[in-house]
Amino acid sequence: MFQIACCSAWLLLVLLLALPPGRKAEVFRHRLTIFAEAGRMECYHQPVAATEIIILEYQVIHGGQGEAHINFNLMDPHRKLLAADHKQHNKKHRMEANETGIYKFCFDNTISSFNQKIVAFHLEIAAGNHEELERQQLIKEMTTDYQFDRAYTHMHDYVTKIGLNMMRSRQTQDYIRTLEARDRKLAESSFTMVNNWSCAQFIAMIIVGMLQVFMLRSIFNTDGRFYKLWRKI
58 MFQIACCSAW
68 LLLVLLLALP
78 PGRKAEVFRH
88 RLTIFAEAGR
98 MECYHQPVAA
108 TEIIILEYQV
118 IHGGQGEAHI
128 NFNLMDPHRK
138 LLAADHKQHN
148 KKHRMEANET
158 GIYKFCFDNT
168 ISSFNQKIVA
178 FHLEIAAGNH
188 EELERQQLIK
198 EMTTDYQFDR
208 AYTHMHDYVT
218 KIGLNMMRSR
228 QTQDYIRTLE
238 ARDRKLAESS
248 FTMVNNWSCA
258 QFIAMIIVGM
268 LQVFMLRSIF
278 NTDGRFYKLW
288 RKI
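Counting from 1 along the sequence shown, just add 57 to a position and that's the residue number in our numbering.
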């Protein structure tokens with residue numbers, strides 16, 4: 058039994074050495090909510106290596122008093138346009154980087170003259186052979202404890218499924234929080250508008266009431282200028 062396990066370990070080690078070299082699979086993830094001022098362009102820069110996968114998803118959660126849309130541009134290190142969206146509410150881009158350098162992505166709110174936009178976006182940079190690198194890492198870890206390779210593989214599958222479900226749950230929660238932030242911003246905007254309109258109506262009622270009192274007093278005051286004016290009319 059021990060000899061069979063040793064042979065299995067050596068076989069896994071040979072397979073590992075036969076695979077092409079690669080760095081440990083790491084994924085860069087970044088979530089951010091920004092304010093895109095009216096008439097301005099908000100730009101960000103991200104270093105990306107060749108063959109890496111760029112995944113960017115954004116959503117306009119509040120459009121001020123106007124439409125909830127924005128322009129989006131993604132450029133390579135030579136500032137060549139890779140993706141361009143015009144007046145989009147939400148969009149997802151996935152592409153492979155052709156060269157190493159600083160990639161630039163911008164949220165363009167020059168389409169609005171007065172309305173500030175709130176944009177939530179998720180940026181993910183992953184290796185092009187991410188799954189292959191994870192498999193290499195798994196084989197490497199299995200060779201260190203070959204007696205439990207089969208149990209470890211099964212456990213790793215369960216952990217991977219759990220991690221995938223947790224990631225999906227987190228994405229769903231982030232989406233719900235985004236919708237909640239949009240609805241909260243809309244409710245606050247509506248509350249402010251209702252308060253301002255109520256104050257304007259209250260002031261108008263006071264002015265109209267005072268004007269009515271003044272006009273009634275001027276009608277019955279026979280010595281006043283307004284009484285003479287009413288007589289002429």
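The beta carbon of each residue, even a glycine, is placed where N, CA and C say it ideally should be.
query: For Val-176: DSSP bridge partner residues; result: Ile-91, Val-117
query: Of the residues Asn-252, Ile-260, Asp-231, Phe-248, the one placed nearest Tyr-115, counting alpha carbons only; result: Asp-231
query: Exposure label - Val-270; buried when at least 16 CB within 10 Å; result: exposed
query: For Ala-106, the three-state DSSP class (helix, strand or coil); result: coil
query: Phe-205 - DSSP class collapsed to helix/strand/coil; result: Note that Phe-205 has pLDDT 49, beneath the 50 cutoff, so the model's placement of it is unreliable and the number below is only indicative. Of the three classes helix, strand and coil, the one that applies to Phe-205 here is helix, per DSSP.
query: Leu-256 versus Leu-89 - alpha carbon distance; result: Reading the sequence as shown, one finds Cys at residue 256 and not Leu. Roughly 36 angstroms separates the two Cα atoms.
query: Residues bridged to Leu-131 [DSSP beta-bridge criterion]; result: Ala-140, Phe-162
query: Exposure of Leu-113, with buried meaning 16 or more beta-carbon neighbours within 10 Å; result: buried
query: Closest Cα partner of Glu-99 within the set Gly-123, Ala-107, Ile-168, Arg-86; result: Ile-168
query: Inter-stretch contact (C-beta, 8 angstroms, three-pair minimum) for the segment 115–124 and the segment 133–141; result: no
query: Proximity below 8 angstroms, CB of Asn-166 to CB of Ala-93; result: yes
query: Given 8 angstroms, three or more beta-carbon pairs between the segment 143–156 and the segment 216–227; result: no
query: Arg-151 - partner residues in DSSP beta bridges; result: Ile-112
query: Residue environment, Lys-149, which counts as buried when at least 16 other CB atoms sit within 10 Å; result: exposed
query: Contacting residues, own chain, Cβ-Cβ under 8 angstroms from Arg-97 (five flanking each side not counted); result: Asn-166, Thr-167
query: Arg-97 - DSSP class collapsed to helix/strand/coil; result: coil
query: Burial state of Glu-156 (16 or more Cβ within 10 Å); result: exposed
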